[in-house]
Each structure stands twice: as C-alpha cells, then as structure tokens.
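Scroll down for the structure; my scribbles are underneath it.
2 protein chains.
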Amino acid sequence: MTAEIISVGTEILLGQIVDTNAAILGELFANLGIRHVHRQTVGDNQLRLTEALKLALSRADIVITIGGLGPTMDDMTRDGISAALGEEMVLDEGVQTTLKELFASRGLTWTETQNRQAMRPVCATPIPNPFGTAPGLICKKNGKTFIAMPGPKQEFEPMAKTSVREALMSAGGGEQIIHSVVVRVAGMGESIVEEKLKDLMMAEQPTVAPYAKQAEVHLRVTASGSDIAAAEKLIAPTVAVIQARLGHHVYGFGDTTLEEAVVNQLLESGKTLTVAESCTGGLFGGRITSVPGSSSVFLGGFLTYSNSSKQELLGVGALTLKAVGAVSPECASEMALGARRQLDADFAVSITGIAGPGGGSEEKPVGLVYIGIADREGCEVKEFKLRGSRETVRLRATQVALVFLRSRLMGS
Amino acid sequence: MTAEIISVGTEILLGQIVDTNAAILGELFANLGIRHVHRQTVGDNQLRLTEALKLALSRADIVITIGGLGPTMDDMTRDGISAALGEEMVLDEGVQTTLKELFASRGLTWTETQNRQAMRPVCATPIPNPFGTAPGLICKKNGKTFIAMPGPKQEFEPMAKTSVREALMSAGGGEQIIHSVVVRVAGMGESIVEEKLKDLMMAEQPTVAPYAKQAEVHLRVTASGSDIAAAEKLIAPTVAVIQARLGHHVYGFGDTTLEEAVVNQLLESGKTLTVAESCTGGLFGGRITSVPGSSSVFLGGFLTYSNSSKQELLGVGALTLKAVGAVSPECASEMALGARRQLDADFAVSITGIAGPGGGSEEKPVGLVYIGIADREGCEVKEFKLRGSRETVRLRATQVALVFLRSRLMGS
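Which chain is which? The protein sequence lines are A and B, in order.
So the first sequence is residues 14 to 425, counted in our numbering.
So the second sequence is residues 14 to 425, counted in our numbering.
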C-alpha cells in the first residue's frame with residue numbers, strides 16, 4: 014500500500030509558509046504501515062494540479078491533497094480532482110445546509126460564493142470539518158483511495174487524526190509499520206546528551222535521533238515491526254537505557270509537554286502554585302494554564318511588569334528596587350515571597366530579567382534572568398544568562414523556570 | 014526562467030522533519046524573479062530520485078536538489094544525478110584534498126567511505142561548503158542549470174544565501190521579480206473580507222490572496238516588476254483600495270502583529286493598560302509584553318484563575334460568583350473594574366470563559382467567553398462564542414480581546 018501527498022498552494026512554493034501539514038500526514042502513514050514514496054507541491058494552478066493528480070494516481074494507491082478547498086477563486090482543488098478523475102461536479106445539499114446553518118449561527122451573511130465549498134465530484138463523500146467551513150472529500154475509484162483535506166492547520170490536524178486516520182486504516186495498512194517513541198529531555202544540553210548516548214545513536218534498530226528544541230532535547234527512537242507492539246518491544250530496552258543514563262532529565266514521552274509534567278507533579282503531591290512574572294509578562298502562567306485540569310493547582314498570579322506594580326501587588330521594597338534594581342536576586346526573592354503570601358500557595362515562582370532588545374547594560378546584559386522559587390520555608394533564587402531574541406529569551410526564561418520548579422518538586 | 018526543487022530524504026516523507034530548506038529556496042526564487050512551479054520530495058531511493066530528476070529536467074530550467082550528499086550508503090543524490098544526466102562519476106581531487114585536510118585538522122581518521130563525498134558527475138563543479146563536509150555541486154548542460162545542495166540547515170542556509178544565490182543570478186534570474194506586501198485585518202471574517210474585495214481578488218496584477226489566521230485575515234498583495242520599487246508601485250493603489258474598503262479593520266502591514274498595533278495606539282494616546290485574566294491564564298499579558306517598549310503602557314496584571322483569587326485580588330463579589338458564576342458578564346465587569354482600580358490604569362481588560370475540554374454545560378458551553386473593558390467611566394462587556402480546541406479557544410479569546418480594545422481605543 015503506497016501513498017502520495019500533493020500539497021497545493023502558491024504560498025508554499027513562494028516559501029511564505031512551511032509545509033508542516035505534510036509532515037503530520039507523513040508520520041500518520043508511517044504509523045499505519047503505509048509506504049509514503051512521493052510528495053508533490055504545486056501552486057494554485059488548475060492545469061498543473063490536474064497533471065500532478067494524474068501522475069500520483071498512476072503510481073500510488075492512496076492520494077491525499079492538502080489545501081485549496083476554500084471558497085475563493087484560487088481554491089481550485091475541487092476542480093482539479095474533478096478533471097483528474099473525470100468526474101462531474103455536483104452541489105452537495107447536505108454540506109450546503111450545514112454551511113448555511115453555520116453562517117446563520119455566526120451572524121454572517123450567506124453569499125453565493127460559499128456554494129463553491131459545497132461542490133464535490135460525483136464519486137466523493139464529504140468529510141465533516143468541525144473547525145472550519147470547507148469539508149474534506151473522500152472518493153474511492155478503480156481501487157484507489159482519494160482524499161482532499163483543508164489547508165489551515167487548525168482544520169487539517171483534527172481531520173488527519175480522526176476521519177482520515179480511520180479511512181486510511183480501513184483502506185488497509187501495510188505489513189511493516191514504522192513506529193517511533195519520542196523521549197523528552199530538559200535541563201541538559203544537546204552535546205552532553207549526544208555524548209552520553211553516542212553508542213545508541215550509532216545503532217541500526219532501533220535508531221536514536223536527537224532534535225534540539227528551545228532549551229530541550231527530543232530523542233526520537235524508531236523501529237520497524239509487524240505492528241506497533243512489535244516495534245515497541247524493540248524500542249523499550251533503548252528507552253530504558255536512555256532513562257538510566259539521563260535520569261530525571263527525562264521528563265516525559267510523546268507529546269507530553271514540560272508544563273504538563275510539572276502540573277502532574279503538583280497534582281500528585283497535592284501542592285498549589287502561584288507566579289509573579291516580570292519580563293515574561295504572562296507566558297509562564299499561559300503555559301501552566303494550557304494544561305487541562307491546572308485549575309486544581311494553579312491559584313492565580315501577578316504580572317508585575319512595572320516597578321510600582323511590584324511594590325503595590327507583591328510588597329517588593331522601594332529600597333530594594335533603588336539599591337539593586339528590579340533585575341536582581343533580591344527582587345526575584347521578594348517577588349516570589351510576596352506572591353506566595355498573597356495567595357497562600359505552597360510554591361511561588363518569580364521571573365525577572367532583561368528580555369531585550371533594549372534595556373541591557375554591561376553589568377546587566379540582555380538575557381540576564383533571575384528565577385525565584387518560594388515555599389513556606391523561604392526562597393531560592395537562580396541566575397541565568399539566556400541567549401537569543403526577545404521572544405527566545407522570554408520563552409527560555411519560562412523553560413528554565415519550569416525545569417527549576419520540576420527539580421524542586423522532585424526534591425533534588 | 015522556471016525552477017524546481019527536489020527534496021531528498023526518507024526522514025522528510027516519514028514526517029520526522031519539516032522541510033524548511035525548501036521554503037528558504039522558494040523565497041529566494043521569488044526574490045530573484047524565478048518562477049517556482051513544482052516541488053517534489055522523494056526518499057533515499059536512487060531509482061525514484063533519478064525519475065524525479067528526469068521529470069524536473071523535462072519541465073524546468075533550473076533544478077535544485079536538497080539533501081542526500083553525505084558519506085553514507087543512503088546518501089545517493091550524486092548517483093541519481095549521474096544517472097539522470099547520463100554523466101560518468103569522477104573523483105574530484107581538489108575536494109578530496111580539502112576533506113583530508115579538514116579531517117586531519119579535526120583529529121578524525123580518514124576512511125575510504127569519505128571518498129564518496131569527493132565524487133561528482135564529470136560536468137559538475139563543486140560548491141564550497143564552509144560549514145560541513147559535503148560540497149554542493151553545480152552543473153550546466155543543454156541549457157539547463159543543475160544544483161545539488163546539502164540538507165543540514167546550518168550548511169544549506171549559508172550556501173543558499175551566497176554561492177547558490179550568485180549562481181541563480183548569473184543563470185539569468187529573471188527580468189521580472191515577485192514582491193509582496195501583506196495587509197493584516199482583524200475583527201472581520203474571511204468571507205466578508207472576500208466579499209468586499211472580490212474584484213481585487215480576481216485581478217491578475219497585482220494579485221490579492223487571503224490567508225485565514227486565528228481570528229484574523231492576512232491579505233498578500235503580490236506584483237511582479239523589473240525590481241522591488243516597480244512592483245511596489247503596482248501594489249500601492251490596491252493596498253489603498255483595501256484600506257478604504259475595510260477601514261479600521263486593517264490594523265497593520267508586513268510582520269506587524271495585532272498586539273503591536275494595540276501597544277502603539279496606547280503609546281500614541283498616552284494611555285496605560287492592565288489586565289485580569291482567568292481562562293487565558295497569562296496569554297493576553299504575554300502577547301502585550303512581547304512588544305518591545307510595552308513597559309511604557311502595560312502596568313501589570315492579574316492571573317485570577319481561581320474564584321478565591323478573583324475575590325482577593327480584584328474584589329469580585331462572593332454573591333456574584335454564587336449567583337451567576339465566574340463565567341458571566343457580571344464577573345467580567347467586576348474583574349475589569351477591580352484590576353483598573355488596583356493599578357490606577359486608564360484601561361483594564363478582563364477575560365473569563367470556558368476553554369475546555371471539560372467544564373462546559375448546556376447553559377455555558379465550552380468556548381463561551383466574556384471580555385470586559387473598563388475605563389474611568391465604567392465597564393463594557395461583550396460575549397463571544399469561540400470554537401476549537403482548548404488552545405484555540407484561549408488564543409482566540411486573547412485575539413477578540415485585542416480587537417475589542419483596539420476598537421475602543423479608536424473610539425468606535
């Protein structure tokens with residue numbers, strides 16, 4: 014069983030967007046044992062799209078297009094499919110009704126343009142799109158399975174993981190599947206990780222490949238087998254070795270985020286958290302509250318961006334600010350202690366630093382960040398020198414704060 | 014002058030890496046006036062690579078491969094090129110010498126395997142690779158230009174921006190370059206935007222293409238011309254028409270974000286801001302403080318995730334929470350008024366809602382969000398019903414809050 018993706022969109026060819034959707038689909042193929050041997054990318058041009066579809070249908074069992082399903086003139090995937098498959102286009106009344114209801118519920122005016130999105134080749138069945146207007150399409154003809162998916166990521170991804178996944182499974186997967194487990198590591202640099210795992214990274218089965226992320230390293234452990242269980246059997250011993258060598262730096266697997274790991278630790282230990290953020294301005298709270306169920310442990314927090322808010326909301330001393338400034342271990346300590354006291358939380362994290370691009374000095378350069386962690390006993394402060402743009406420094410500041418908090422919760 | 018990219022690598026087809034290199038090259042083509050009409054991706058398979066190369070050579074003037082130039086057995090781009098061009102392979106002694114020197118300087122042992130990287134088709138000239146071992150290759154034959162580039166980003170990107178850029182320029186580049194201006198629109202749905210700009214979107218020069226983002230629409234206005242100034246001359250009148258038709262919904266151009274537009278409005282009007290966030294847990298503050306210079310207008314804020322923090326930090330009434338709950342216009346109003354009062358800000362934004370996936374009911378479904386904006390006169394609250402995952406609802410909540418604040422600042 015082979016599959017081919019056709020990504021549709023001039024914006025991809027012009028380099029205006031990076032094709033992450035194709036990667037998501039590629040991983041899905043691998044997990045289902047479907048061999049993905051070609052991928053094509055074409056612009057919003059019906060003739061070239063039709064040619065690409067014909068080429069794909071000539072060599073793959075499953076062809077999936079991504080993009081070009083919107084209501085506008087340059088969304089021409091439907092017409093391309095109709096031409097490539099030699100199928101007439103019809104208006105799908107069910108889709109039209111759904112779209113009209115959606116527009117009414119949003120208080121939007123229905124226009125004739127929208128009917129484009131309700132058109133489909135005769136052989137095709139619509140795939141519901143709960144996160145957008147354009148439905149997907151699926152069509153089986155001459156032993157081939159043909160699927161069209163919308164391009165916007167928030168519509169594409171849920172459809173890939175539900176309806177399209179099911180359709181691919183029923184189309185019949187393959188004999189050898191490829192399966193990966195991602196081991197997530199924080200608080201250890203990529204080169205040290207590689208040094209510790211050198212021998213594993215030279216092995217053939219399973220393979221171990223490191224990917225450096227913002228202040229984390231992800232290790233992809235991959236094996237092939239007759240099914241996922243067989244592959245996992247090959248993967249498990251390697252993962253165990255990685256855990257033994259990297260210790261508590263391994264914080265999770267798969268899609269688990271560092272914030273999830275931290276929230277779970279708090280839930281398990283029954284502890285509550287608050288935060289006082291200066292240079293990150295809410296990003297730390299935003300990460301914590303991205304975890305469903307975080308309300309059981311996160312009481313709330315303080316965005317004390319100005320000096321006056323640090324004094325008024327957290328009780329940071331005017332003398333401290335005058336003597337050593339807001340970016341100092343002393344201020345970080347007073348922020349964390351003040352926040353903890355105000356909400357009577359078990360732990361308070363404080364973040365104060367210079368995110369840049371302005372505001373740095375020789376003594377306190379851009380990237381200097383202090384993280385405080387207060388508990389009922391007192392406060393511990395660490396200094397970090399982070400590199401990168403304003404955005405990167407802020408993100409890394411939340412990252413090192415999470416790693417610091419995690420190590421405290423593990424009692425190390 | 015047309016170009017085609019062939020990305021080589023099984024890891025791309027498996028979805029283990031996202032093909033950012035192709036996007037970099039796509040943008041380079043656009044800036045040099047080279048039409049990029051097809052892109053192919055193939056795995057580490059010599060037969061399929063050779064076929065892909067032949068197809069590309071049959072329809073494009075310039076063909077560039079990315080990846081597959083390493084020393085291992087599955088790096089087969091050199092052999093694929095040799096087969097597709099019908100050219101013998103020879104050992105390039107200059108490259109071999111450079112590689113041997115590089116190995117010696119790094120204290121590495123030279124093995125015969127490394128000779129693979131010194132092989133090239135007879136017609137090809139090596140392109141120096143200062144950041145890695147495998148040189149690129151360039152070859153001109155039968156009026157076509159053929160270029161092979163290494164895959165690792167740290168080697169690919171410098172080569173793209175120097176040697177390859179120069180080679181493309183001397184290959185003729187185009188007489189006609191492509192240039193775009195992005196117009197950013199918020200607070201108006203994609204279909205209404207399209208309805209208002211229908212005629213512009215059907216025009217050939219400049220073209221207007223809409224991209225739906227999370228609760229915004231970006232319009233890319235693109236023209237070709239002899240140089241950027243000539244293209245901009247064609248683009249300007251269309252941008253003026255868009256602004257006239259969409260009014261204050263156009264909030265910026267290019268990379269300007271909505272939060273930048275809002276911070277700039279605050280700076281211009283000399284007003285200060287605070288925020289009280291419940292379901293967004295810091296994301297709104299995070300967006301505002303992502304703007305350099307926001308410290309002049311953003312005083313700080315409150316993450317009142319729990320009911321008790323709403324009462325303690327903002328003075329939300331216990332009766333309000335009991336009678337109508339935290340997700341209510343009354344609570345949004347009291348949150349905004351309390352936050353504004355606490356920090357004596359000109360404006361306070363409050364956000365309270367149900368982000369999901371749990372916590373929804375028939376009366377108060379997931380996605381129900383109230384946004385309050387308080388000033389010295391009082392508070393205005395709006396209700397929103399947002400769709401999508403927890404992440405999307407939270408992001409959209411910050412988006413509608415910014416749009417609401419922006420319209421208040423514009424006095425509309």
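Every residue, glycine too, gets a C-beta built ideally from N, C-alpha and C.
Original post:
In or out: residue 379 of chain B buried (at least 16 other Cβ within 10 Å) or exposed?
Top reply: buried
**OP:** Could you have a look at residue 392 of chain A and say whether DSSP puts it in helix, strand or coil?
**Re:** strand
Subject >> Terminal residues of the beta strand (DSSP E) in which residue 387 of chain A lies >> reply: 381–387
Subject >> Closer than 9 Å to chain A by CB, residue 418 of chain B >> reply: no
Original post:
Checking contacts by CB at 9 Å: is residue 295 of chain A closer than that to chain B?
Top reply: yes
Subject >> Where residue 40 of chain B meets chain A, residues with beta-carbon distance less than 8 Å >> reply: 27, 28 and 29
**OP:** Measure how close the beta-carbons of residue 190 of chain B and residue 177 of chain B come, nearest whole angstrom, since I'm counting them as under 8 Å.
**Re:** The pair is not a contact, with the Cβ atoms about 17 Å apart (cut-off 8 Å).
Original post:
How is residue 132 of chain B classed by DSSP in three states: helix, strand or coil?
Top reply: strand
Original post:
For residue 114 of chain A, does the count of other Cβ atoms within 10 angstroms reach 16, so buried, or fall short, so exposed?
Top reply: exposed
**OP:** Can you grab the Cα-Cα spacing for the pair residue 181 of chain B / residue 128 of chain B, in whole Å?
**Re:** 28 Å
Subject >> Whole-angstrom distance between residue 164 of chain A and residue 133 of chain B, CA atom to CA atom >> reply: 39 Å
Original post:
What residues from chain B crowd round residue 318 of chain A, counting only those whose CB sits closer than 7 Å?
Top reply: 302, 308, 311, 312 and 313
**OP:** Identify whether residue 344 of chain B lies in helix, strand or coil by the three-state DSSP scheme.
**Re:** helix
Original post:
Taking residue 68 of chain B as the reference, which of B:81, B:17, B:111 and B:49 has the closest Cα?
Top reply: B:17
**OP:** State buried or exposed for residue 95 of chain A, treating a residue as buried only when at least 16 other CB atoms are found within 10 Å of its CB.
**Re:** buried
**OP:** Note the first and the last residue of the continuous beta strand (DSSP E) segment covering residue 220 of chain A.
**Re:** 220–226
Original post:
What residue does the beta strand (DSSP E) around residue 167 of chain B start on, and which one ends it?
Top reply: Here residue 167 of chain B belongs to no beta strand (DSSP E); instead the alpha helix (DSSP H) covers 166–172.
**OP:** Indicate whether at least one CB of chain B lies closer than 9 Å to the CB of residue 362 of chain A.
**Re:** Between residue 362 of chain A and chain B, the shortest Cβ-Cβ separation is not below 9 Å.
Original post:
Do residue 397 of chain A and residue 373 of chain A have their C-beta atoms within less than 9 Å of each other?
Top reply: no
**OP:** May I have the straight-line CA-CA distance separating residue 205 of chain A from residue 169 of chain B, to the nearest angstrom?
**Re:** 25 Å
Subject >> Near-chain A residues of the stretch 43–63 of chain B (beta-carbon distance less than 8 Å), N- to C-terminal order >> reply: Answer in chain order: 43, 49, 50, 51, 52, 53, 54, 55, 56, 58 and 61.
Original post:
What residues from chain B crowd round residue 167 of chain A, counting only those whose CB sits closer than 8 Å?
Top reply: 227, 401, 402 and 405
**OP:** Report all residues from its chain with a CB closer than 7 Å to the CB of residue 135 of chain A; omit the five preceding and five following residues, and keep chain order.
**Re:** 100, 101 and 103
**OP:** Starting from the C-beta of residue 22 of chain A, find all residues in its chain whose C-beta is less than 6 Å away, skip the five residues before and the five after it, and write them out in chain order.
**Re:** Result list for residue 22 of chain A: 80, in chain order.
Subject >> Where the beta strand (DSSP E) containing residue 287 of chain B begins and where it ends >> reply: 286–290
Original post:
When DSSP builds the beta bridges, which residues end up paired with residue 102 of chain A?
Top reply: A:134
Original post:
Could you give the residue range of the beta strand (DSSP E) that holds residue 233 of chain B?
Top reply: 229–238
Subject >> Cα-Cα separation, residue 66 of chain A to residue 424 of chain A >> reply: 58 Å
**OP:** Just the C-alpha distance for residue 344 of chain A and residue 332 of chain A, rounded to the nearest angstrom, thanks.
**Re:** Roughly 10 Å separates the two Cα atoms.
Subject >> Straight-line Cα distance separating residue 290 of chain B from residue 323 of chain B >> reply: 10 Å
Subject >> Residue of B:147, B:109, B:280 and B:405 minimising C-alpha distance to residue 370 of chain B >> reply: B:405
Original post:
Taking DSSP as the reference, what is the three-state secondary structure of residue 156 of chain B?
Top reply: It is coil, neither helix nor strand.
Original post:
So, helix, strand or coil for residue 150 of chain B, using DSSP?
Top reply: strand
**OP:** For residue 224 of chain B, collect the residues of the same chain with a Cβ closer than 6 Å to its Cβ; drop the 5 residues on either side in sequence, then sort them by chain order.
**Re:** 231
Original post:
Which residues in the same chain as residue 341 of chain B place their Cβ atom closer than 7 Å to its Cβ, once the five residues preceding and following it in sequence are excluded?
Top reply: 383
Subject >> Which of helix, strand or coil DSSP assigns to residue 7 of chain A >> reply: As shown, chain A starts at 14 and ends at 425. That puts residue 7 of chain A outside it, with no answer to give.
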